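Asks: Got a structure for you, questions after.
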Amino acid sequence: MLETIAVILIILWLLGLVTSTTMGGFIHILLVIAVVVILLRFIRR
């Protein structure tokens, strides 16, 4: 479940970069959240 959320967030981040719609840097928060989700997954193992 966490992997799915992380993948979706990374895809949304990449789409934001490709379309140049960064919304004032807000799009980069998606990448940070995705990395945190991935780290939580590894810590809980």
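Converting from the sequence shown to this note's numbering requires adding 3 to each position, the first position being numbered 1.
Every residue gets a Cβ at the ideal spot worked out from N, C-alpha and C, and that includes glycine.
Remember, predicted model here, so these are calculated numbers, not experimental data.
1. Out of 16, 10 and 4, which one is the CA nearest neighbour of residue 31?
2. Nearest-angstrom Cα distance between residue 22 and residue 13?
3. Within a Cβ cutoff of 7 Å, which residues of the same chain sit near residue 7, ignoring the five residues on either side of it in sequence?
4. Hey, could you find the ends of the alpha helix (DSSP H) residue 19 is sitting in?
Replies: So, to answer that:
1. Residue 16 is the option with its Cα nearest to residue 31.
2. The alpha-carbon atoms of residue 22 and residue 13 are separated by roughly 14 Å.
3. Cβ within range, chain order: n/a, list empty.
4. Residues 5–21.
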